[in-house]
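Notes to accompany the following structure.
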Amino acid sequence: MNSPVIVVHYHELWLKGRNRRFFLGKLFTALRRALEGVPVRRIEQPGDRFIVRLGEGASLDEAIARVNRVFGIAFYAVAKPVERNMEALCRAAWEEVKPLQFATFAVRAKRSDKTFPHTSMEIDSAVGRFLLERLRENGRHARVDLSNPDAREAFRHRSRVARACLGRVAGFGADSYVLALEGLLRFLSHA
113 MNSPVIVVHY
123 HELWLKGRNR
133 RFFLGKLFTA
143 LRRALEGVPV
153 RRIEQPGDRF
163 IVRLGEGASL
173 DEAIARVNRV
183 FGIAFYAVAK
193 PVERNMEALC
203 RAAWEEVKPL
213 QFATFAVRAK
223 RSDKTFPHTS
233 MEIDSAVGRF
243 LLERLRENGR
253 HARVDLSNPD
263 AREAFRHRSR
273 VARACLGRVA
283 GFGADSYVLA
293 LEGLLRFLSH
303 A
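All residue numbers in the sequence shown are consecutive under the working numbering, ending with 303.
Next up, the structure:
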């Protein structure tokens, strides 16, 4: 359960109406092709995201580099599956935060799995309190800053496992279209 997963969020596909399934299929195919040669156990689609479960011996850095080049991805996050309880979330958050240097932090939970026994606000509060206590025990003088934190601990709750992730990597926004056209032109000029 400790192998990291890549949580891939897409953008604007929900606007496509009746073509949504078609576009999601194309994105899934592009993601699968981009990861060819990287051991992948499976790619799941729980709701409005894809979860890439890497296989034995897969290079996380290589998988991230490949996911980063897939057109249509809004952002992705590397997450660590943890047991579905508050204590496990707190421990996982501490393991992620412990090596980082920062003066301020915030915890933001997004609970998609409504069967999880705590609300997002309860998770924010409990994990934030746990991290603050651990930081102080380790002689670090960080404080909570909800509006402009140096570090932000994000949690996603989905399905049978919770995921703890430290941040997310955004796509290229409007530049994605320019980069896609440049890539297409390069491809066509070599064809």
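All C-beta atoms, glycine included, are put in the ideal place defined by N, C-alpha and C.
Item, Value
"Less than 8 Å between the C-beta atoms of Ala170 and Val119, yes or no?", "no"
"For Arg270, name the three-state secondary structure that DSSP assigns.", "Residue confidence is low: Arg270 scores 37 on pLDDT, short of 50, so the model does not pin down where it sits. No coordinate-derived value is stated."
"Just mark Phe242 as buried or exposed, buried being the case when its beta carbon has 16 or more other beta carbons within 10 Å.", "buried"
"Hey, how far is the Cα of Glu156 from the Cα of Ala238?", "29 Å"
"Sort Gln213, Phe214, Ser232 and Thr227 by Cα distance to Ala221 and report the nearest one.", "Ser232"
"In terms of alpha-carbon separation, which member of Asn260, Ser259 and Leu244 lies closest to His253?", "Leu244"
"Closest to Ala215 by C-alpha separation, out of Pro151, Ser115 and Gly251, would be which residue?", "Gly251"
"Could you tell me the alpha carbon to alpha carbon distance between Leu139 and Glu249, rounded to whole angstroms?", "46 Å"
"Let me know the secondary structure DSSP gives Lys226 once reduced to three states.", "coil"
"Assign Ala238 to one of three DSSP states: helix, strand, or coil.", "helix"
"If you draw a straight line from the alpha carbon of Phe135 to that of Phe183, how long is it in whole angstroms?", "12 Å"
"Where in the region 193–218 do unbroken runs of the alpha helix (DSSP H), each at least 4 residues long, occur, reported from the N-terminal end onward?", "198–209"
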